[in-house]
Amino acid sequence: MNVKFADSRNQGSQNSSFAPTSKIAADANKDSRSAQTAEVALEGMATEVLASQLLEELVAKLKAGSRSAEAVTMRMAKEVERICQKSSRIQSSGQIRSWQLTLGRHRLQKCLEFYRLGSHQGRVELHAQLSSIVYRHVAPSGNLSFQARYNLIEDFLQNFYIEVLRAFRREHSLPENYTPRTQLELAEYMAFTEQYAKRRISLPGRYNQQLIVLRAQGFANGQPQETVLDIEQAVEFPKGEEAESHNRSYAVQQVRQQMVAETVDPSDAVLRDRVVAELIQYLEGQGQSDCVDYLVLKLQDLSAPEIDDILGLTPRQRDYLQQRFKYHVEKFARNHNWKLVHQWLGADLEQNLGMPPQHWEAFVSKLSEEQKQILELKRSGASDREIADKIKCTPKQVQKRWSSLLELAWQARNHQEKSK
200 MNVKFADSRN QGSQNSSFAP TSKIAADANK DSRSAQTAEV ALEGMATEVL
250 ASQLLEELVA KLKAGSRSAE AVTMRMAKEV ERICQKSSRI QSSGQIRSWQ
300 LTLGRHRLQK CLEFYRLGSH QGRVELHAQL SSIVYRHVAP SGNLSFQARY
350 NLIEDFLQNF YIEVLRAFRR EHSLPENYTP RTQLELAEYM AFTEQYAKRR
400 ISLPGRYNQQ LIVLRAQGFA NGQPQETVLD IEQAVEFPKG EEAESHNRSY
450 AVQQVRQQMV AETVDPSDAV LRDRVVAELI QYLEGQGQSD CVDYLVLKLQ
500 DLSAPEIDDI LGLTPRQRDY LQQRFKYHVE KFARNHNWKL VHQWLGADLE
550 QNLGMPPQHW EAFVSKLSEE QKQILELKRS GASDREIADK IKCTPKQVQK
600 RWSSLLELAW QARNHQEKSK
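Count along the sequence shown from 1, then add 199; that gives the number in the numbering used here.
Laid out in structure tokens, this is it:
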């Protein structure tokens, strides 16, 4: 991860007026500084130091000073400290300082985005964003008029904003009557609202969902709204998704859609976890650790710029990583573990590869005689070796031909979805 560290010229040199006269003393001093630097990387920087670094960067980007800047950056630093302490991934990385700076700067950037929008436009954009998330959850019935649905969303969001303000006061140990007053404080609160709404809450079966979606579903079902969850119960990284589906093959589109889809049947969550675990194991076995990191961040619904920032990638490097990731996902989905993936997608052989009877018959009618034979042998549970003996080829060729057949099925399902 390419992260610029705060300047630490004064570290380990309190007696700056004393200059060692021997090479041994100089080497000892150098070793001491190296040890201190390594220790800081492992243990991270103090909250006050991080707050000071963020304050310096904030002041440099503000057109005018703000009397609340120091308090705002201190709150950011404390929040980052809590995240780092509770994340086993960060604790085991050996790069806590890097994570502190990355997460702190990410929060600073979010705050500045709302600050530049201004109080009015910031509210408008935040409200529109949250409305789009909860639209189908607050009023799932299709019988409601637009105005009735709009009124329900407004009622829900007004209650949600009250909950967020309470959570903001609680998590930052602020007085019960605290209200954002300066433009910077309001920007901080709006950034917190966006992040709070998109926290991922763990549910039974290792499934998770955005907090605001759970709140909206509870609102729609008439459940009490007082189910306050704080930072310890949520995944802290902000969420966001870009429309990248046009760059993906049919296989990657459907796998990605299923990964972030709302799960109703608990068995779906079990299958999803199995697919994710198997995919990670497969990528690691292929020596693609950077693809694993990319997958983990994509499952957090982070946008491309956010992933670039965390992984320290240039747009060109990220494009190359995406292409490699897409290649390996396709190989995994169509070859390495196609049975599990298709079972998860509800598209295994027992379900005609996910096609209704009429579409399935049309699909099969377009296959060659050899493809039909492979399909029937796969249905009967024959191994690749047995199929190879039947059609007079090698098991490797069977795998390639079966992979091509599955790709045709992906395309057929995709065409079916588009024609609805």
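Built from N, CA and C at the ideal position, the CB exists for glycine as well.
Self-check item: Same chain only: Cβ atoms within 8 Å of A460, ignoring 5 sequence neighbours per side
Solution: The residue labelled residue 460 in the question sits at position 261 within the sequence shown. Unreliable positioning characterises A460 in this predicted model, as indicated by a pLDDT of 42, which lies under 50. A coordinate reading is not provided.
Practice problem: Using DSSP bridges, identify the partner residues of Q408. | Solution: Position 209 of the sequence shown, counted from the start, is the residue given in the question as residue 408. The partner list for Q408 (beta bridge, DSSP) reads I400.
Quiz item: Counting pairs of Cβ atoms below 8 Å between the stretch 358-368 and the stretch 381-395, do you hit three or more?
Solution: With a cut-off of 8 Å, the stretch 381-395 and the stretch 358-368 count as touching, because enough Cβ pairs lie within range.
Quiz item: In its own chain, which residues sit with a C-beta less than 8 Å from the C-beta of E585, not counting the 5 before and 5 after it?
Solution: Along the sequence shown, read from residue 1 onward, the residue named residue 585 stands at position 386. The answer, listed in chain order, is L576.
Quiz item: If you draw a straight line from the C-alpha of Y521 to the C-alpha of Y377, how long is it?
Solution: Sequence index remark: in the sequence shown, residue 521 carries index 322 (1-based). Sequence index remark: in the sequence shown, residue 377 carries index 178 (1-based). The question names Tyr, but residue 521 in the sequence shown is Gln. Approximately 44 Å, taken between the alpha carbons.
Quiz item: Exposed or buried, which one is H319 when buried takes at least 16 other CB atoms within 10 Å?
Solution: For the purposes of this step, residue 319 is identified with residue 120 of the sequence shown, where counting begins at 1. Its Cβ having fewer than 16 others within 10 Å, H319 is exposed.
Self-check item: Proximity test, Cβ basis, 8 Å: R380 and chain D
Solution: The structure shown contains no chain D; it holds only a single protein chain.
Quiz prompt | As assigned by DSSP and simplified to three states, the class of P504 | solution = Your numbering for residue 504 matches position 305 in the sequence shown. In this structure, P504 counts as helix in the three-state DSSP scheme.
Quiz item: By the 10 Å Cβ neighbour count, where 16 or more other Cβ atoms means buried, how is L605 classified, buried or exposed?
Solution: As a first step, residue 605 is located in the sequence shown; it is residue number 406 there, counting from the start. The residue is buried, with at least 16 neighbouring Cβ atoms inside 10 Å.
Exercise. Measure how close the beta-carbons of I411 and I332 come, nearest whole angstrom, since I'm counting them as under 8 Å.
Key: Along the sequence shown, one-based indexing puts residue 411 at 212. Along the sequence shown, one-based indexing puts residue 332 at 133. Right, their Cβ atoms sit about 6 Å apart.
Quiz item: How is M244 classed by DSSP in three states: helix, strand or coil?
Solution: Working through the sequence shown from its first residue, we reach residue 244 at position 45. Correct three-state label for M244: coil.
Quiz item: Start and end of the alpha helix (DSSP H) containing C592?
Solution: In the sequence shown, counting from the first residue as 1, residue 592 sits at position 393. No alpha helix (DSSP H) holds C592; DSSP gives it neither H nor E.
Exercise. Indicate the three-state DSSP secondary structure (helix, strand or coil) for S330 in the structure shown.
Key: The residue labelled residue 330 in the question sits at position 131 within the sequence shown. The answer is helix: DSSP assigns S330 an H, G or I state.
Practice problem: Report the residue from A419, E529 and R274 whose alpha carbon sits nearest the alpha carbon of S372. | Solution: In the sequence shown, the residue the question calls residue 372 occupies position 173. Comparing Cα-Cα distances from S372 to each of A419, E529 and R274, the minimum goes to R274.
Exercise. Pick out whichever of I506, V528 and I509 has its Cα sitting closest to the Cα of I479.
Key: Translated into the one-based positions of the sequence shown, residue 479 becomes position 280. Taking only the C-alpha atoms, the option nearest I479 is V528.
Exercise. Can you give me the Cβ contacts of S383 inside the same chain, cut-off strictly under 7 Å, excluding the 5 residues immediately before and after it?
Key: Along the sequence shown, one-based indexing puts residue 383 at 184. Looking at the sequence provided, one finds Leu at residue 383 rather than Ser. The residues are S265, S267, A268, V271 and Y314.
Practice problem: Taking only the alpha-carbon atoms, compute the straight-line gap between H614 and S297 and give it to the nearest angstrom. | Solution: The residue you call residue 614 lines up with position 415 of the sequence shown. The residue you call residue 297 lines up with position 98 of the sequence shown. Going by the C-alpha atoms only, they are around 45 Å apart.
Exercise. Just mark Q394 as buried or exposed, buried being the case when its beta carbon has 16 or more other beta carbons within 10 Å.
Key: Indexing the sequence shown from 1 puts residue 394 at position 195. Buried.
Self-check item: Helix, strand or coil at E375 [DSSP, three-state]
Solution: Looking up residue 375 in the sequence shown gives position 176. In the structure shown, E375 sits in coil (DSSP, three-state: anything other than H, G, I, E or B).
Practice problem: Return the Cβ separation of V323 and A415 in integer angstroms, given the expectation that the two are a contact with Cβ distance under 8 Å. | Solution: As a first step, residue 323 must be located in the sequence shown, where it is residue number 124. As a first step, residue 415 must be located in the sequence shown, where it is residue number 216. 20 Å between Cβ atoms; not a contact.
Quiz item: From E505 to A608, what does the alpha carbon distance come to, in whole angstroms?
Solution: Counting from one through the sequence shown, the residue named residue 505 turns up at place 306. Counting from one through the sequence shown, the residue named residue 608 turns up at place 409. Between E505 and A608, the C-alpha separation is close to 34 Å.
Quiz item: Taking C-beta to C-beta, are D492 and L510 nearer than 8 Å?
Solution: Residue numbering aside, residue 492 sits at position 293 when the sequence shown is read from its first letter. Residue numbering aside, residue 510 sits at position 311 when the sequence shown is read from its first letter. Their beta carbons are under 8 Å apart, which means D492 touches L510 by this criterion.
Exercise. Starting from the Cα of D518, find the closest Cα among D489, L498 and E370 and give me that residue.
Key: Locating residue 518 in the sequence shown gives position 319, counting from the first residue. Residue D489 is the option with its Cα nearest to D518.
Self-check item: Environment of P219 [buried if 16+ CB atoms lie within 10 Å]
Solution: As a working mapping, residue 219 is identified with position 20 in the sequence shown. With a pLDDT of 40 at P219, under the threshold of 50, the predicted position of this residue should be treated as unreliable, though the coordinate-derived value follows. A residue is called buried once 16 or more other Cβ atoms fall within 10 Å of its Cβ, and P219, having fewer, is exposed.
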